[in-house]
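Residues in the sequence shown are numbered consecutively from 4, following this note's numbering.
Every residue, glycine too, gets a C-beta built ideally from N, C-alpha and C.
Computed from a prediction, not measured in an experiment: that's the story for all the values here.
What follows is one structure encoded as structure tokens, with my remarks underneath.
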Amino acid sequence: MHLRVLTGPEEATYTALGVISSVRSAAGLIADLGGGSLELAEVGEML
């Protein structure tokens with residue numbers, strides 16, 4: 004099994020995609036606060 008550590012921007016992107024897959028009308032700022040890091044992602048309403 005090959006493992007790779009995600010960069011901050013990659014982690015924010017995957018977090019945003021997870022929110023969008025659960026809440027289709029998601030729009031705004033998503034914050035993912037972890038152990039020593041904070042990733043922010045801005046999402047717009049899906050068409």
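- DSSP lists 35 as the beta-bridge partner residues of residue 42.
- Proximity to residue 44 across 16, 29, 37, 28 peaks at 16, based on C-alpha coordinates.
- Per DSSP, the continuous alpha helix (DSSP H) segment holding residue 15 begins and ends at 11–25.
- Between residue 11 and residue 42, the C-beta gap is smaller than 8 Å, which places the two residues in contact.
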